[in-house]
Amino acid sequence: LRRPRRGRGRRHRPAALGPRAGPRPFGVLGGRRRPAKALARGLRARRPARRRPRRGRHPGRQDAAMRVLLTGAGGYLGSALAEALSAAHEVRTLSARTPPEDGALDAALAGCGAVAHLAALKGDECAADPARAMAVNVDLTRRLVGAAERAGVGSFLFASSYFVLTPTDEYARTKLLAEEAVRGFRGAAVVARIASVFGFDPQGRGQEVVAAFVRNGLAGRIAVSGDGSAELDLVDRRDAVRWLALLLGRGERPALTLDVARGESVTLAALAALVADRLAASGAPRPKVEFVPRVGPPPPPRRADAAALRRVLGPQARAMPLGDAVAEFIAQYRLAQPR
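End of the sequence shown sits at 530 in my numbering; the numbers just go up one at a time, nothing left out.
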């Protein structure tokens, strides 16, 4: 007797079913659940459709150890990010205070899988020298994007600022132009609009409003400019660094743009009262909070939105409570003061 031929589209039918048994229902055969043939003629069953990758988890995502080029590693935020990235990656740093030539960019990017671009001139520096601000903040970013593409870099993280939400000064305008350059990157990219970062730094980098309030409060008086209604979204430096390190491997095409922020604003008046309370709780004399006339126009209102950050990072986007972060800053600041 000849054994029945078995083709790709046919399965041997037991005699009990007969020649006109019709399509076989879905069922468990041999311990495995298999779809039956659509028709007795042997038409192939449909293959299940391929699921599209979820947003933020496409092939550009990189979670494994890699070589990362970090610019701005000597700054307030970059120095902390360099330490955090070194725990999982090989970090190569590049100084950009004087923009390097294209050849130096190509050499620095050789073998790198990702770029974290934090180097930039700050607000006062941009106002003092707009031409240099364009060269460092904008032109260097464009050239770095091009060099990263030539080197085959897969992921690009750009540290922007939530000041671009109201681009009224030279710093914000240069950051906005640099964002456009990063959005043209052919790989996976993240544009991280970072809110107002604060946190203790042993070398005194990062002279922001919390540090000023604590320093002046220990001297007995916190001066608040204007009526204190100006608002800030304050982020502890440790949270900002942790989020940036996580975002490094979660770039998208086109670039993912999000606010690196708590998503909650606080007025200067409320912040001054919070600092005064935490100073008193630390054992220092409670300082006076005084309002002084503002010099210059008031800052424009800025409201960061942390929804995209929470969508991408999930529970890891949880921030330290502001009161706890301020209390820790005060403890570290007082501990570092000479006795």
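Don't be surprised by glycine CBs; every beta carbon is placed ideally from N, CA and C. Treat the numbers as computed from the prediction; the structure is a model and nothing was measured.
What does DSSP give as the partner residues of ILE413 in its beta bridges? VAL480.
Nearest-angstrom Cα distance between ARG377 and VAL401? Straight-line Cα distance between these residues: approximately 39 Å.
What residue from GLU443, ASP320, ASN407 and ALA318 has the CA that sits closest to LYS479's CA? Comparing alpha-carbon positions, the option among GLU443, ASP320, ASN407 and ALA318 lying closest to LYS479 turns out to be ASN407.
In angstroms with no decimal places, state the Cα-to-Cα distance between ASP427 and ASP392. Using only the alpha carbons, I get a separation of about 12 Å.
What residue ranges within the region 261 to 295 form continuous alpha helix (DSSP H) runs of no fewer than 4 residues, ordered along the chain? DSSP runs (the alpha helix (DSSP H)) wholly in the region 261 to 295: 267 to 277.
At the level of alpha carbons, what is the spacing between TYR267 and ARG396? Rounded to the nearest angstrom, the two C-alpha atoms are 5 Å apart.
If we ignore side chains and look at the alpha-carbon of each, how far apart do ASP360 and LYS366 end up? Taking the straight line from one Cα to the other gives about 10 Å.
Excluding the five sequence neighbours on either side, which residues of its own chain have a C-beta within less than 7 Å of the C-beta of ALA338, listed in chain order? Result list for ALA338: ASP293, LEU296, ASP297 and LEU300, in chain order.
Per DSSP, what kind of secondary structure is ARG441 in: helix, strand or coil? If DSSP states are grouped into helix, strand and coil, ARG441 belongs with coil.
Taking the C-alpha atoms as reference points, what is the distance between VAL405 and PHE389? The alpha-carbon separation between VAL405 and PHE389 amounts to approximately 12 Å.
Helix, strand or coil for ASP430 per DSSP? In this structure, ASP430 counts as helix in the three-state DSSP scheme.
Let me know if SER286 comes out buried or exposed under the rule of 16 or more other beta-carbons within 10 Å of its beta-carbon. With fewer than 16 Cβ atoms within 10 Å of its Cβ, SER286 is classed as exposed.
Count the other C-beta atoms from every protein chain shown that fall within 10 angstroms of the C-beta of LEU526, then say buried if there are 16 or more, exposed otherwise. Counting the other Cβ atoms within 10 Å of the Cβ of LEU526 gives fewer than 16, which makes it exposed.
Cα-Cα, which of PRO321, THR357, CYS303 and CYS317 is closest to ARG493? Of the listed residues, the one whose Cα sits closest to ARG493 is THR357.
Spell out the partners DSSP gives ALA301 in its beta bridges. BP columns for ALA301 are empty, so no partner.
Taking the beta strand (DSSP E) that PHE354 falls in, what are its first and last residues? Segment: none, PHE354 is in no beta strand (DSSP E) and carries neither H nor E.
If we call anything under 8 Å between Cβ atoms a contact, is ARG258 one with GLU281? It is a contact, given that the beta carbons lie within the stated cut-off.
Counting only runs of 4+ residues fully inside the region 319 to 343, write out the alpha helix (DSSP H) ranges in chain order. You should have 321 to 324 and 331 to 341.
Could you name the residues of the same chain whose beta carbon sits closer than 7 Å to that of ALA383, not counting the 5 residues immediately before and after it, in chain order? Excluding residues up to 5 positions away in sequence, LEU348, PHE349, ALA350, SER351, LEU435, LEU438, LEU449 and VAL451 lie with their Cβ nearer than 7 Å to the Cβ of ALA383 in the same chain.
Helix, strand or coil: how does DSSP classify VAL381 here? Secondary structure of VAL381 (DSSP, three-state): strand.
Do you know offhand how far ALA326's Cα is from GLY304's? In a straight line, the C-alpha of ALA326 is about 25 Å away from that of GLY304.
With 16 other Cβ atoms within 10 Å as the buried cut-off, status of ALA508: Taking a 10 Å sphere around the C-beta of ALA508, we find 16 or more other C-beta atoms and assign the residue as buried.
Let's see if you can read the secondary structure: which residues bound the alpha helix (DSSP H) around ASP392? From DSSP, ASP392 is part of no alpha helix (DSSP H); its letter is neither H nor E.
Can you name the start and end residues of the alpha helix (DSSP H) that LEU513 belongs to? Run containing LEU513: 513 to 527, per the alpha helix (DSSP H) assignment.
Going by the beta-carbon positions, is the gap between ALA497 and GLY454 smaller than 8 Å? Yes, these two residues count as a Cβ contact at 8 Å.
What separation, rounded to the nearest whole angstrom, lies between the Cα atoms of GLU422 and ARG341? Distance between the alpha carbons of GLU422 and ARG341 is about 42 Å.
One question on the structure: do LEU309 and LEU260 come within less than 8 Å of each other, judged by their Cβ atoms? Contact: no.
Apart from the five residues on each side of it in sequence, which residues of its chain come closer than 6 Å, Cβ to Cβ, to VAL306? Cβ within range, chain order: LEU260, ALA339, VAL344 and PHE347.
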